[in-house]
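Residue numbers (full-length UniProt numbering): 1 to 116.
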């Protein structure tokens, strides 16, 4: 899939709607349309990176920023102390369905392992 066809790139460009909860010059965060928890936010880089396997060395800080923003959002929403789940999927067998890296921030319920 090309960057022009990427669902998340279209949300970044405001070509399709997204319920945006955070934005800065590098990162966008929005509510997942099929939430798996009371709070389920997708945190994405504004730079198109297809999978975790495609991250370049120069993008380490950007990818780390996704985690920082997820923790910040968890604190702001009041569930950081109780706990939350952060997930990134890679490729088909890893459960990736949109090929633009994204971090799932889920909170507001008890999680078990394995995922459930």
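Every residue, glycine too, gets a C-beta built ideally from N, C-alpha and C.
Margin query: Alpha carbons only, please: which of 109, 43 and 53 is nearest the one belonging to residue 24?
Written below: Considering only 109, 43 and 53, the residue with the shortest C-alpha distance to residue 24 is 43.
Item checked: Test item: CB-CB of residue 99 and residue 51 under 8 Å -> Taking the C-beta atoms as reference points, residue 51 is found nearer than 8 Å to residue 99.
Check: For residue 90, is the beta carbon positioned less than 7 Å from some heavy atom of the ligand GTP?
Finding: As for the ligand GTP, it is missing from this structure, which has no ligand bound.
Checklist line | Close beta carbons around residue 96, own chain, < 7 Å, minus the five adjacent residues each side | finding: Counting only Cβ-Cβ distances below 7 Å, and skipping sequence neighbours, we find 51, 89 and 90.
Check: Should residue 102 go down as buried or exposed, given a rule of 16 or more other Cβ atoms within 10 Å for buried?
Finding: Within a 10 Å sphere around the beta-carbon of residue 102 sit 16 or more other beta-carbons, which makes this residue buried.
Check: So, is residue 71 buried or exposed, given that buried needs 16 or more other C-beta atoms within 10 angstroms?
Finding: By the neighbour-count rule (16 or more Cβ atoms within 10 Å), residue 71 is not buried but exposed.
Next item on the list: Look up residue 106 in the DSSP assignment and give the residues it is bridged to.
Entry: Residue 106 is bridged to 40 and 85.
Next item on the list: Look at the alpha carbon of residue 58 and the alpha carbon of residue 64, and state the distance between them as a whole number of angstroms.
Entry: Cα to Cα, residue 58 sits roughly 11 Å from residue 64.
Check: Which residue comes first and which comes last in the beta strand (DSSP E) that contains residue 28?
Finding: 27-31 is the span of the beta strand (DSSP E), which, as asked, contains residue 28.
Item checked: Cβ-based neighbour list, residue 40, same chain, cut-off 6 Å, excluding 5 preceding and 5 following -> Excluding the 5 residues flanking it on each side, residue 40 has same chain C-beta neighbours closer than 6 Å at 32 and 106, in chain order.
Note to self: For residue 21, report the span of its beta strand (DSSP E) as first-last.
What the structure shows: Residue 21 -> beta strand (DSSP E) spans 20-23.
Check: Got a sec? Which residues, its chain only, sit under 8 Å from residue 47 by beta carbon, not counting five neighbours each side?
Finding: A distance below 8 Å between beta-carbons, with the five flanking residues on each side excluded, links residue 47 to the following residues of its chain, in chain order: 26, 59 and 62.
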